[in-house]
Amino acid sequence: MKRVAIIGGGIVGQFIAYYLSKYDYEITLIDDGPSMLPASAGNCGLITPSHIEPLNSFATLIQGLKWLGKRDAPLAIKPQLDPAFIKWFLSFIWNSRKSSVKKARNIRHQLLQTSWNLYSEYFSEENSKCGFQSKGLIYASTTASGNESLKREVDLLRSHDLSCELLTKESLLNLEPCLKTDVVGGSILHVDGWLRPDRLLTEIRSINAANGVKEIAGKVEDFIISKGNIEAAQIGKEELRANHFILAAGALSYQLGKKLDISLPMIPGKGYNLTFSSKLKDQPNYPIYMFEKKVVATPWEDGFRLGSTMEFTGFDLTLNPSRLEALRKASKDYLKTDIDQEDPVPWAGWRPMTSNSLPIIKQSEKHQNLFIATGHGMLGLSMAPATGQLVSSLVNKQYID
Ligand SMILES: Cc1cc2nc3c(=O)[nH]c(=O)nc-3n(C[C@H](O)[C@H](O)[C@H](O)COP(=O)(O)OP(=O)(O)OC[C@H]3O[C@@H](n4cnc5c(N)ncnc54)[C@H](O)[C@@H]3O)c2cc1C
Numbered sequence: 052m053k054r055v056a057i058i059g060g061g062i063v064g065q066f067i068a069y070y071l072s073k074y075d076y077e078i079t080l081i082d083d084g085p086s087m088l089p090a091s092a093g094n095c096g097l098i099t100p101s102h103i104e105p106l107n108s109f110a111t112l113i114q115g116l117k118w119l120g121k122r123d124a125p126l127a128i129k130p131q132l133d134p135a136f137i138k139w140f141l142s143f144i145w146n147s148r149k150s151s152v153k154k155a156r157n158i159r160h161q162l163l164q165t166s167w168n169l170y171s172e173y174f175s176e177e178n179s180k181c182g183f184q185s186k187g188l189i190y191a192s193t194t195a196s197g198n199e200s201l202k203r204e205v206d207l208l209r210s211h212d213l214s215c216e217l218l219t220k221e222s223l224l225n226l227e228p229c230l231k232t233d234v235v236g237g238s239i240l241h242v243d244g245w246l247r248p249d250r251l252l253t254e255i256r257s258i259n260a261a262n263g264v265k266e267i268a269g270k271v272e273d274f275i276i277s278k279g280n281i282e283a284a285q286i287g288k289e290e291l292r293a294n295h296f297i298l299a300a301g302a303l304s305y306q307l308g309k310k311l312d313i314s315l316p317m318i319p320g321k322g323y324n325l326t327f328s329s330k331l332k333d334q335p336n337y338p339i340y341m342f343e344k345k346v347v348a349t350p351w352e353d354g355f356r357l358g359s360t361m362e363f364t365g366f367d368l369t370l371n372p373s374r375l376e377a378l379r380k381a382s383k384d385y386l387k388t389d390i391d392q393e394d395p396v397p398w399a400g401w402r403p404m405t406s407n408s409l410p411i412i413k414q415s416e417k418h419q420n421l422f423i424a425t426g427h428g429m430l431g432l433s434m435a436p437a438t439g440q441l442v443s444s445l446v447n448k449q450y451i452d
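The number in the numbering used here is simply the position in the sequence shown, starting from 1, with 51 added.
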């Protein structure tokens, strides 16, 4: 039986294992958790077919410059002399051209929609208990200019047949009474849903284990390479040999890529959350995206999370108190929910951000037995099933050929 080693047990690695385990492979998944809770568990839990628009745009760049030095801004860029960061930043600008944005939008649309369909199959086939709800996602705005942006977004989504609706202040407050009355309007994206990401990760891990996927707790530190092929991954003093290797280590794929002499066009985009371990009084019925503050509130049956911010500050997971306070403040500005009723657990994790807002899903040109599945940025949860299916078909195709 052919052996496949997957490096990274986040949601992307798990969905790759899930689809590959339907074929005849001996699969080993290597992950150095749970010492560091991955982004796959700490994210906002949104499954968003609506997020077709890439981050690349000159407007984002201008906004980013305006926010430079503001300690509680939703986007923070630490100017760095690191050549990898400079290269990424220049490539981000290049990919903000109209033609690149249009191409990225179409690919994102396909990946997101395929994933949504695959999630539906997964939820019913596996009798999933990860709290999935498909009522939609609400955007709330407190400014006239914010409301104008929402109008433009609704037009764009409709032109891609994505069901959504602009909401007047009154209809917004009717739909979500926990919003404060100073909102001026909003929108509802009917095509989106949400779940508990930590539960999904635990669930799919145990499904994979039951399907024969072996998991090794350890850190891949290096590789043994011979004649352009990877022979083994080194985990401490151990060597794990396999016919095929899949690199799915989230933001840290960049560092493993360097060991393989591959330069992946990605940097870590740090995000934060505050997680409440029980349902709060007056918490929203829908997930709410607080438009001006770029903060998401995600309500669960037995919990609540506030999450957001994008910090380009390198591989650093320090919890910055100003950013955590910005989450609290946004919630207090938009929601009636009393978030002081419980002490939340703070968290920070890395999004694997590529310079063109597209994930890297491919067979490596450098090492024929290596497949890469990373760089999902702000959408790893939303794109994981399509990625898993695509990688499993890439690996299979090689054997069929
Ligand atoms: C605040 C925040 C909110 C977000 N909200 C959403 C959302 O609502 N919806 C959405 O779709 N996406 C969201 N995202 C993005 C999403 O979480 C990521 O895109 C996704 O988690 C990436 O998954 P992954 O499996 O590639 O990486 P990760 O989740 O980072 O997992 C990678 C795994 O690889 C392991 N690993 C790394 N290096 C090694 C090594 N050398 N050896 C062994 N193991 C290793 C790590 O320990 C980790 O377990 C959010 C992200 C953040 C930070």
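For each residue, glycine too, the CB sits at the ideal point set by N, CA and C.
Treat the numbers as computed from the prediction; the structure is a model and nothing was measured.
Check	Outcome
What do you reckon, are the CB atoms on Leu246 and Phe183 nearer than 8 Å?	yes
According to DSSP, simplified to helix, strand and coil, what is Leu162?	helix
Assuming Ala90 and Gly431 are in contact, meaning their beta carbons sit under 8 Å apart, how far apart are those beta carbons, in whole angstroms?	7 Å
Can you give, in chain order, each stretch of the beta strand (DSSP E) that sits fully within the stretch 399 to 430 and has at least 3 residues?	411 to 414 and 421 to 425
Say whether the stretch 394 to 413 touches the stretch 150 to 159, bearing in mind that this needs 3 or more beta-carbon pairs closer than 8 Å, one atom from each stretch.	yes
Which residue spans inside the stretch 217 to 286 form an unbroken alpha helix (DSSP H) run of at least 4?	220 to 226 and 248 to 261
CA-CA distance, Asp384 and Gly96?	22 Å
Return yes when the C-beta of Met429 is under 7 Å from any heavy atom of ligand 1, and no when it is not.	yes
So, for Ser192: in the same chain, excluding its five sequence neighbours on each side, which residues have a beta-carbon less than 8 Å away from its beta-carbon?	Asn198, Ser200, Leu201, Val234, Val235, Gly236, Gly237, Phe342 and Glu343
Does Ala377 pass the burial test, meaning 16 or more other C-beta atoms within 10 Å, or should it be called exposed?	buried
Taking the alpha-carbon positions, what's the Leu331 to Thr388 distance?	7 Å
When burial is assigned at 16 or more other CB atoms within 10 Å of the CB, is Glu227 buried or exposed?	buried
To the nearest angstrom, how far is the alpha carbon of Glu172 from that of Gln131?	44 Å
Does the beta carbon of Asn371 fall short of 7 Å from some heavy atom of ligand 2?	In the structure on display, ligand 2 does not appear, and the ligands it does have are ligand 1.
Measure the beta-carbon distance from Arg374 to Thr326 and round it to whole angstroms, keeping in mind my assumption that it falls under 8 Å.	Not a contact, Cβ separation roughly 15 Å.
Is Gly395 helix, strand or coil by DSSP?	Per the sequence presented here, residue 395 reads as Pro, with Gly not at that position. Reduced to three states, the DSSP call for Pro395 is coil.
Run the proximity test for Val30: is its beta-carbon closer than 7 Å to any non-hydrogen atom belonging to ligand 1?	The structure shown has nothing for residue 30, since the chain only spans 52 to 452.
Could you check the C-alpha separation between Arg256 and Trp167 for me, to the nearest Å?	20 Å
Pick helix, strand or coil for Ile81, following the three-state DSSP scheme.	strand
Consider the C-beta atom of Leu303 and the heavy atoms of ligand 1; say whether any pair is separated by less than 7 Å.	yes
Buried or exposed, going by whether 16 or more other CB atoms sit within 10 Å of the CB of Val264?	buried
Distance check for Val446 and Asp452, CA to CA, integer angstroms please.	Any reading at Asp452 needs caution, since the residue's pLDDT is 49, under 50, leaving its predicted position unreliable; the model's value is listed next. Spanning the two alpha carbons is a distance of roughly 10 Å.
For Ala348, report the span of its beta strand (DSSP E) as first-last.	Val346 to Trp351
If I follow the unbroken alpha helix (DSSP H) through Arg148, where does it start and stop?	Counting along the chain, Arg148 falls outside any alpha helix (DSSP H), and DSSP gives it neither H nor E.
Tell me whether Gly59 is buried or exposed, calling it buried when 16 or more other Cβ atoms sit within 10 Å of its Cβ.	buried
Which two residues bound the contiguous beta strand (DSSP E) that contains Gly322?	Met317 to Phe327
Going by CA-CA distance only, name the one from Pro316, Leu230 and Ile275 that's closest to Lys288.	Ile275
Which value, in whole angstroms, describes the spacing of the CA atoms of Ala424 and Leu116?	31 Å
Return the Cβ separation of Val271 and Leu315 in integer angstroms, given the expectation that the two are a contact with Cβ distance under 8 Å.	Between Leu315 and Val271 the Cβ distance is about 15 Å, and since that is not below 8 Å, they are no contact.
With distances taken from CA atoms, which of Gly320, Val55, Asn336 and Ala299 is nearest Tyr76?	Val55
Just the Cα atoms here: how many angstroms apart are Val205 and Gly187?	14 Å
Tell me which same chain residues have a C-beta within less than 6 Å of the C-beta of Pro397, skipping the five on either side of it?	Leu325, Leu370 and Leu375
Checking the sheet assignment: what are the DSSP bridge partners for Gly358?	Asn324 and Val347
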